[in-house]
Each structure stands twice: as C-alpha cells, then as structure tokens.
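S.K.:
There are 2 protein chains.
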Amino acid sequence: MTTRHVFFVSDGTGITAETLGNTLLTQFEDVSFVKSSLPFISTVEKARITADFIDHIAASDGQRPLVFSTTVSDPVRAVLRNCNALFIDLFDTYIHGLETELGVAPTHAQGRAHSANSRKYDARIDAINYSLEHDDGQSVRDLSKAELILIAPSRCGKTPTTLYLAMQHGIYATNFPLLDEDLEKPALPKSLHGFENKLFGVTSEPERLSQVRNERRPGSRYASIAQCSYELRQAETLYRKLQIPSVNSANMSIEEMAATVLHEKGLRR
Amino acid sequence: MTTRHVFFVSDGTGITAETLGNTLLTQFEDVSFVKSSLPFISTVEKARITADFIDHIAASDGQRPLVFSTTVSDPVRAVLRNCNALFIDLFDTYIHGLETELGVAPTHAQGRAHSANSRKYDARIDAINYSLEHDDGQSVRDLSKAELILIAPSRCGKTPTTLYLAMQHGIYATNFPLLDEDLEKPALPKSLHGFENKLFGVTSEPERLSQVRNERRPGSRYASIAQCSYELRQAETLYRKLQIPSVNSANMSIEEMAATVLHEKGLRR
Chain A
1 MTTRHVFFVS
11 DGTGITAETL
21 GNTLLTQFED
31 VSFVKSSLPF
41 ISTVEKARIT
51 ADFIDHIAAS
61 DGQRPLVFST
71 TVSDPVRAVL
81 RNCNALFIDL
91 FDTYIHGLET
101 ELGVAPTHAQ
111 GRAHSANSRK
121 YDARIDAINY
131 SLEHDDGQSV
141 RDLSKAELIL
151 IAPSRCGKTP
161 TTLYLAMQHG
171 IYATNFPLLD
181 EDLEKPALPK
191 SLHGFENKLF
201 GVTSEPERLS
211 QVRNERRPGS
221 RYASIAQCSY
231 ELRQAETLYR
241 KLQIPSVNSA
251 NMSIEEMAAT
261 VLHEKGLRR
Chain B
270 MTTRHVFFVS
280 DGTGITAETL
290 GNTLLTQFED
300 VSFVKSSLPF
310 ISTVEKARIT
320 ADFIDHIAAS
330 DGQRPLVFST
340 TVSDPVRAVL
350 RNCNALFIDL
360 FDTYIHGLET
370 ELGVAPTHAQ
380 GRAHSANSRK
390 YDARIDAINY
400 SLEHDDGQSV
410 RDLSKAELIL
420 IAPSRCGKTP
430 TTLYLAMQHG
440 IYATNFPLLD
450 EDLEKPALPK
460 SLHGFENKLF
470 GVTSEPERLS
480 QVRNERRPGS
490 RYASIAQCSY
500 ELRQAETLYR
510 KLQIPSVNSA
520 NMSIEEMAAT
530 VLHEKGLRR
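Going down the list, the protein sequences come from chains A and B.
So in the numbering used here the end of the first sequence lands on 269, straight run, no missing numbers.
So in the numbering used here the end of the second sequence lands on 538, straight run, no missing numbers.
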C-alpha cells in the first residue's frame with residue numbers, strides 16, 4: 001500500500017479544508033494517507049513556513065503531498081500555491097464563478113466559516129446547554145421548549161444524536177427513555193403527553209443493542225438478546241400505534257441519524 | 270438586498286456539501302441566501318425529482334439557484350448537472366485530478382464520508398460517553414484515561430468545547446471547575462495532581478463572563494464584574510505559575526477553541 005502525506009491548510013479552524021479533503025479521500029481506499037492539520041495560517045510569513053515544511057516532506061518522501069486549502073487571502077494563497085504539492089484550494093476553484101454569478105465582489109474576510117460572531121452561534125450554545133440539562137429525561141421542566149424529543153429503550157444512541165443535533169444545528173433537542181413500565185403496556189411516559197408531535201423514535205437490532213449493553217453490564221439480563229429483542233419489539237409497536245416516525249440506529253452514524261431526523265421532521269438546519 | 274436560493278445536494282448526510290457551500294457563501298455578505306438541504310439523493314429517480322424541484326424554483330424566482338453537490342454516482346450527477354442552476358460539484362471538480370495524482374481509480378462508493386463503519390467512529394462514541402460522564406469534575410475515576418482536561422472558573426465555556434472535542438475528534442476530553450477554594454490560593458484542585466501535562470486553561474473577559482453568568486443568576490455576586498474579574502485574574506496567575514497553556518474564550522467559537530487546543534497540545538485530529 002502506498003502512503004501519501006496530506007495537509008489541511010486554513011486561515012481559520014481547518015474544519016472546511018478537512019471536510020472537503022476527507023470526503024474526497026474516502027474514494028481512494030487503497031491508499032494510506034498520513035494527515036496533518038495546519039490551522040490559523042493567516043499571514044504571508046506563516047504561509048512561507050508552511051510551504052517550506054511541505055516542500056521538506058515532499059523531498060524526504062520522494063513524492064509530492066496533497067494540500068487541501070481554504071485560505072481566503074490572495075497573497076497567502078500565492079505563497080502556498082508554489083510549494084511542491086498537488087494544491088487544491090476551495091477559493092481558487094470556485095470564488096470567481098460565484099462572483100460572476102452573484103454580481104457581487106467577495107469580501108476576502110478570513111475565518112468567517114466557524115466564528116462566534118453570529119446570533120446563530122449563540123443559539124447553538126443555548127441549544128447545547130438545553131440538551132445537556134434535559135438529557136435522558138433528567139428534567140421535564142421546559143419540555144415545551146424542545147423542538148424535538150427522541151424516545152427509545154436504553155442505549156439505542158439517543159444521547160449522542162441529541163447532542164449532535166444541538167451542537168451542529170442549534171436544535172433544542174432532548175430525549176426520554178422508554179422504561180419497562182412504559183414498554184409493557186406499551187404506552188408513552190405521562191410526561192410526554194401533549195408533546196406527541198415532537199417525538200421521534202429510535203430503534204436498533206437486538207444483536208447490536210445487546211452488544212452495547214454488554215459493555216456496560218456484562219452478562220446481565222438487561223443485556224440479553226431476549227430482553228433487547230422484547231424491548232425493541234414493544235417500542236416499535238408503540239411507534240406504530242401512535243404514528244411516531246422512527247429510525248433504526250444499528251448501522252447509522254450520529255450524523256446520518258441527525259440528517260434523517262431533520263429531513264423527516266422538516267426542521268430547519 | 271438580493272435573495273438567492275441555495276441547495277445542498279448529497280447522496281449521504283449533506284454535511285460536506287453544506288460545509289463547502291457555507292464556507293464559500295461567507296464571502297458574499299450582501300446577498301441573502303435561502304438555504305435548503307437535500308440529503309440522501311442516491312438514485313437517478315431521486316435526482317430527477319430533485320432537478321425538477323430546482324428547475325421549478327428557478328422559474329418562479331426568475332433567477333437560477335446555486336447548487337452545491339457532493340454526489341458520487343456519475344448517473345446521478347448527470348441528471349443534477351442538467352438543472353437550471355449554477356451547479357458546483359465537489360467530485361466533478363476534483364476527483365479526476367486526484368485519480369491522476371494517485372494513480373488509483375476512485376471506488377464510487379456512496380455515503381462514505383460520515384458513516385458508522387469504522388473503528389474511528391466507535392472511538393468517537395466512546396469519547397462522547399467519557400466526556401459526558403466526567404463533565405465538570407463529576408467523576409474523578411478514570412481521569413488517567415483523559416487525553417485532555419480543560420480547567421477554568423465556572424461558565425467560561427469548558428463543557429461545550431469538551432463535548433465538541435469528543436464528538437468531532439474522538440478526543441477523551443473532560444473538564445474540571447476551578448472553585449473559590451482553588452482560586453484564592455491559587456492552586457490546582459487535589460484531584461488534578463499528577464495530570465498537569467493534560468491540562469489546558471480557559472479564560473475569558475470579565476464583561477463577557479459576567480454577561481453569561483447573569484443569564485443564570487441575574488444580579489448575583491457570582492455574576493458581578495468584580496467577582497468575574499477576580500476569578501479570571503486568579504486563574505490566569507495559576508496558569509502562568511504552573512505553565513499551563515491557555516486560551517481566551519471571550520470571542521471564540523467552540524470550533525476555534527478546539528482547533529487551538531488540538532494544535533497547541535499536538536493531539537491527533
């Protein structure tokens with residue numbers, strides 16, 4: 001297997017450069033990539049040091065690295081573009097086409113994509129705090145403030161998905177466990193009555209749920225395939241009965257679950 | 270102010286298309302964008318419905334929308350490319366150059382960028398659970414497992430940053446509050462002795478901290494400028510005395526704080 005050095009260069013956090021680069025690199029499974037992030041490269045001087053470093057790696061590897069860049073400044077980019085690498089820059093590629101299309105000149109402001117200076121940012125932080133305080137049915141106060149309430153038996157992945165929705169999308173998301181007493185009827189916990197339109201169910205596969213529960217309580221009845229299978233079946237019956245939309249978490253990432261929930265509930269992103 | 274419709278189209282979650290598009294659009298502050306995400310467009314049939322919808326918007330707006338796409342499949346992309354829009358596709362643009370550079374054909378596998386099928390994904394979920402259980406000094410058990418411990422006076426932004434580091438980067442991150450009894454000396458809480466090399470300090474500005482605390486406890490001594498100022502000064506003295514690196518959270522997003530901490534501590538990303 002060949003190995004390539006990859007650099008994510010940015011004048012800000014590097015999040016966009018990493019997302020762009022990593023998505024493209026998933027298409028080349030047979031190459032082993034050694035990845036480095038170089039954030040906050042916002043001046044010509046820092047760009048020179050970065051370019052020297054990349055040139056040094058190119059020389060010692062005997063092959064040029066891949067550089068994914070999202071630097072906004074033309075002079076910074078001019079320095080980086082000259083290093084011995086396959087240089088892929090988001091702004092080089094697209095900004096001129098957008099300028100022509102929109103008939104407006106770009107601002108060249110650096111570090112705008114992931115900054116704290118917006119009402120949207122404050123709303124995200126509020127949403128994270130809300131989700132943490134209401135996690136796993138801890139608090140039923142202010143449940144009317146929730147935009148979304150995930151419900152599921154224990155350990156189906158409610159909490160990470162809830163936090164992701166709050167953190168990335170600023171959704172006032174929370175979650176509520178379905179306990180034995182709810183599942184045996186099956187019926188909604190009393191605290192959720194009146195909030196039916198905010199509910200989204202999570203399911204899983206008995207084998208997957210048993211595996212996750214066994215990490216917490218090895219060999220317990222709680223983690224047995226029989227118990228997991230029973231709880232999931234009852235939860236699915238409840239979702240069907242009350243027409244609560246649901247998603248199976250067994251083979252999905254939190255990003256995929258979040259995208260599914262937002263899409264199906266028509267929530268803003 | 271002009272208004273443009275923007276569509277983020279993807280065969281997966283849409284995260285990459287949104288990140289790419291939003292970063293580029295930050296450069297055009299005087300245009301108002303109406304944004305929609307269209308995830309999971311993975312078949313030619315779904316692509317046809319999507320293209321019809323975009324054409325419909327173009328006709329009713331009297332100007333063509335912007336489409337940021339990250340669809341992997343050539344037939345899907347061929348349908349989308351024909352709609353009446355400025356069509357920007359990550360794979361169209363870059364995949365051929367990468368193929369030539371790497372000498373390897375792309376796999377054309379869909380939805381790979383944010384899937385659950387990797388050891389890295391499981392590590393991220395473990396890290397989220399670890400961070401939640403150890404948040405705000407809740408548990409000192411397994412503190413040796415932490416890769417990073419953020420310390421700060423109350424409400425400087427430790428918790429959201431810690432969760433972000435766990436969620437996005439799979440870092441076993443936790444945090445510990447500096448209380449009055451620690452700050453008056455100033456000295457580290459006893460539980461942190463022996464973990465000095467994992468510490469990262471957070472500071473803020475008195476005005477900003479007072480504002481955040483006032484949202485919780487309006488008019489309290491805890492939220493007063495004098496108290497905030499005192500606590501921050503003592504914390505900064507402590508960081509200097511023990512040579513603990515630190516970051517000022519007053520004007521930074523959690524993404525910027527995380528990038529700074531990872532960069533300065535040399536943690537893997």
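The beta-carbon is built from N, C-alpha and C at its ideal position, and this holds for glycine as well.
Go through its chain and collect everything with a Cβ distance to S36 of chain A's Cβ below 8 Å, but skip five positions before and after it.
M.R.: Reading the first sequence from its first residue, position 36 is the one you call residue 36 of chain A. Correct list, in chain order: H5, V6, F7, F8.
S.K.: If you run the structure through DSSP and keep just helix, strand and coil, what is G201 of chain A?
M.R.: As a position in the first sequence, residue 201 of chain A is number 201, starting the count at 1. In the structure shown, G201 of chain A sits in a strand (DSSP, three-state: E or B).
S.K.: Please decide whether F28 of chain A counts as near chain B, where near means a Cβ-Cβ distance under 7 Å.
M.R.: Here residue 28 of chain A corresponds to residue number 28 of the first sequence, with the count starting at 1. Yes, contact with chain B.
S.K.: Using alpha carbons as the reference points, say which of A:G14, A:S10, A:P206, A:N22 lies closest to R381 of chain B.
M.R.: Within the second sequence, residue 381 of chain B is the residue found at index 112, counting from 1. The shortest C-alpha separation from R381 of chain B is found at A:N22.
S.K.: Can you check which of these residues, A:R208, A:L242, A:G62, A:S144, is closest to F200 of chain A by C-alpha distance?
M.R.: Translated into positions along the first sequence, residue 200 of chain A becomes position 200. Ranking A:R208, A:L242, A:G62, A:S144 by Cα distance to F200 of chain A puts A:L242 first.
S.K.: Applying a beta-carbon distance threshold of less than 7 Å, which residues of chain A neighbour A382 of chain B?
M.R.: Position 113 of the second sequence, counting from 1, holds the residue named residue 382 of chain B. In chain order: N22, T23, T26.
S.K.: If you draw a straight line from the C-alpha of K265 of chain A to the C-alpha of N248 of chain A, how long is it?
M.R.: Against the first sequence, residue 265 of chain A aligns to sequence position 265. Against the first sequence, residue 248 of chain A aligns to sequence position 248. Whole-angstrom Cα-Cα distance: 16 Å.
S.K.: R4 of chain A bridges to which residues according to DSSP?
M.R.: Your numbering for residue 4 of chain A matches position 4 in the first sequence. Answer by DSSP bridge pairing, in chain order: A:F33.
S.K.: Under DSSP, the beta strand (DSSP E) around T282 of chain B begins and ends at which residues?
M.R.: Position 13 of the second sequence holds residue 282 of chain B. Here T282 of chain B belongs to no beta strand (DSSP E), and DSSP marks it neither H nor E.
S.K.: Can you name, in chain order, every residue of its own chain whose Cβ lies under 7 Å from the Cβ of H108 of chain A, other than the five neighbours on each side?
M.R.: By one-based count along the first sequence, residue 108 of chain A stands at place 108. Hits under 7 Å: V72, S73.
S.K.: May I ask you to report which of helix, strand or coil DSSP gives D89 of chain A?
M.R.: Taking the first residue of the first sequence as 1, we reach residue 89 of chain A at position 89. Looking at D89 of chain A - three-state DSSP - the assignment turns out to be strand.
S.K.: If the cut-off is 8 Å on Cβ atoms, which residues from the segment 502-528 of chain B count as contacting chain A, listed in chain order?
M.R.: Cβ contacts with chain A come from N520, M521, S522, I523, E524, E525, A527, A528.
S.K.: So for N398 of chain B, helix, strand or coil by DSSP?
M.R.: Position 129 of the second sequence, counted from the start, is the residue given in the question as residue 398 of chain B. Note: N398 of chain B maps to helix in three-state DSSP.
S.K.: Give the straight-line distance between the Cα atoms of I15 of chain A and H114 of chain A, rounded to the nearest whole angstrom.
M.R.: Your numbering for residue 15 of chain A matches position 15 in the first sequence. Your numbering for residue 114 of chain A matches position 114 in the first sequence. The alpha-carbon atoms of I15 of chain A and H114 of chain A are separated by roughly 8 Å.
S.K.: Leaving out five residues before and five after C425 of chain B in sequence, what residues of the same chain have Cβ atoms less than 6 Å from its Cβ?
M.R.: Taking the second sequence and counting its residues from 1, the one referred to as residue 425 of chain B is at position 156. The answer, listed in chain order, is V471, S473, S518.
S.K.: If distances are taken between C-alpha atoms only, which option among A:P75, A:G137, A:Y121, A:E99 comes closest to Q110 of chain A?
M.R.: Your numbering for residue 110 of chain A matches position 110 in the first sequence. The residue with the shortest Cα to Cα distance from Q110 of chain A is A:P75.
S.K.: Does chain A have any CB closer than 7 Å to the CB of Y390 of chain B?
M.R.: For the purposes of this step, residue 390 of chain B is taken as the residue at position 121 of the second sequence. At least one chain A Cβ lies under 7 Å of Y390 of chain B.
S.K.: Entirely within the segment 162-245 of chain A and at least 3 residues each: give me those beta strand (DSSP E) ranges in chain order.
M.R.: The segment 162-245 of chain A contains these whole beta strand (DSSP E) runs: 173-177, 199-203.
S.K.: Nearest chain A C-beta to P375 of chain B closer than 7 Å, yes or no?
M.R.: Translated into positions along the second sequence, residue 375 of chain B becomes position 106. Cβ-Cβ to chain A under 7 Å: yes for P375 of chain B.
S.K.: Classify V104 of chain A as helix, strand or coil using the three-state DSSP reduction.
M.R.: Within the first sequence, the letter at position 104 stands for residue 104 of chain A. In this structure, V104 of chain A counts as coil in the three-state DSSP scheme.
S.K.: What's the call for V303 of chain B, buried or exposed, on a 16-neighbour Cβ count within 10 Å?
M.R.: For the purposes of this step, residue 303 of chain B is identified with residue 34 of the second sequence, where counting begins at 1. Its Cβ having fewer than 16 others within 10 Å, V303 of chain B is exposed.
S.K.: Hey, out of A:F28, A:L209, A:V261, A:R208, whose CA is closest to Y363 of chain B's CA?
M.R.: Start at 1 with the first residue of the second sequence, and residue 363 of chain B comes out as number 94. Here the closest residue by C-alpha is A:F28.
S.K.: If you count every other CB in all the chains shown that lies within 10 Å of the CB of R221 of chain A, and 16 or more means buried, which is it?
M.R.: Translated into the one-based positions of the first sequence, residue 221 of chain A becomes position 221. R221 of chain A should be labelled exposed.
S.K.: Can you list, in chain order, the residues of its chain whose CB lies under 8 Å from that of S408 of chain B, leaving out five sequence neighbours each side?
M.R.: Taking the first residue of the second sequence as 1, we reach residue 408 of chain B at position 139. Result list for S408 of chain B: E402, in chain order.
S.K.: Counting C-beta neighbours from all protein chains within 10 Å, is the total for E500 of chain B 16 or more, i.e. buried, or is it exposed?
M.R.: Counting from one through the second sequence, the residue named residue 500 of chain B turns up at place 231. Buried is the call here.
S.K.: Under a Cβ-count criterion, where at least 16 other Cβ atoms within 10 Å of its own Cβ denotes burial, should S60 of chain A be classed as buried or exposed?
M.R.: Position 60 of the first sequence holds residue 60 of chain A. By the neighbour-count rule (16 or more Cβ atoms within 10 Å), S60 of chain A is not buried but exposed.
S.K.: May I ask which residues mark the beginning and end of the alpha helix (DSSP H) holding I326 of chain B?
M.R.: Residue 326 of chain B sits at position 57 when you count from the first residue of the second sequence. That run of the alpha helix (DSSP H) goes 313-330.
S.K.: At 7 Å on the CB atoms, spell out the chain A contacts of G283 of chain B, in chain order.
M.R.: For the purposes of this step, residue 283 of chain B is identified with residue 14 of the second sequence, where counting begins at 1. Neighbours of G283 of chain B on chain A, chain order: A259.
S.K.: Would you say V300 of chain B faces chain A, with C-beta separation under 7 Å as the test?
M.R.: Taking the first residue of the second sequence as position 1, residue 300 of chain B is located at position 31. Cβ-Cβ to chain A under 7 Å: yes for V300 of chain B.
S.K.: So L293 of chain B and L98 of chain A are supposed to be a Cβ contact under 8 Å. How far apart are they, rounded?
M.R.: One-based indexing of the second sequence puts residue 293 of chain B at position 24. One-based indexing of the first sequence puts residue 98 of chain A at position 98. Indeed they touch by this definition, with Cβ atoms about 6 Å apart.
S.K.: Output the distance between the C-alpha atoms of R216 of chain A and I151 of chain A, rounded to the nearest integer angstrom.
M.R.: In the first sequence, residue 216 of chain A corresponds to position 216, counting from 1. In the first sequence, residue 151 of chain A corresponds to position 151, counting from 1. Approximately 20 Å, taken between the alpha carbons.
S.K.: Could you give the DSSP three-state label for V261 of chain A: helix, strand or coil?
M.R.: On the first sequence, residue 261 of chain A is found 261 positions in, with the first residue counted as 1. Three-state DSSP puts V261 of chain A in a helix.
S.K.: Within its chain, find whatever has a CB closer than 7 Å to the CB of A85 of chain A; leave out the 5 residues flanking it on each side and keep chain order.
M.R.: Within the first sequence, numbered from 1, the residue matching residue 85 of chain A stands at position 85. Result list for A85 of chain A: I54, A58, R64, P65, L66, V67, in chain order.
S.K.: Quick one: Cα of L349 of chain B to Cα of S118 of chain A, how far?
M.R.: Residue mapping note: residue 349 of chain B aligns to position 80 of the second sequence, counting from 1. Residue mapping note: residue 118 of chain A aligns to position 118 of the first sequence, counting from 1. Distance between the alpha carbons of L349 of chain B and S118 of chain A: 33 Å.
S.K.: Quick check: the segment 518-527 of chain B against the segment 427-434 of chain B, are at least 3 beta-carbon pairs closer than 8 Å?
M.R.: Yes, the segment 427-434 of chain B touches the segment 518-527 of chain B.
S.K.: From K459 of chain B to E416 of chain B, what does the alpha carbon distance come to, in whole angstroms?
M.R.: For the purposes of this step, residue 459 of chain B is taken as the residue at position 190 of the second sequence. For the purposes of this step, residue 416 of chain B is taken as the residue at position 147 of the second sequence. Cα to Cα, K459 of chain B sits roughly 18 Å from E416 of chain B.
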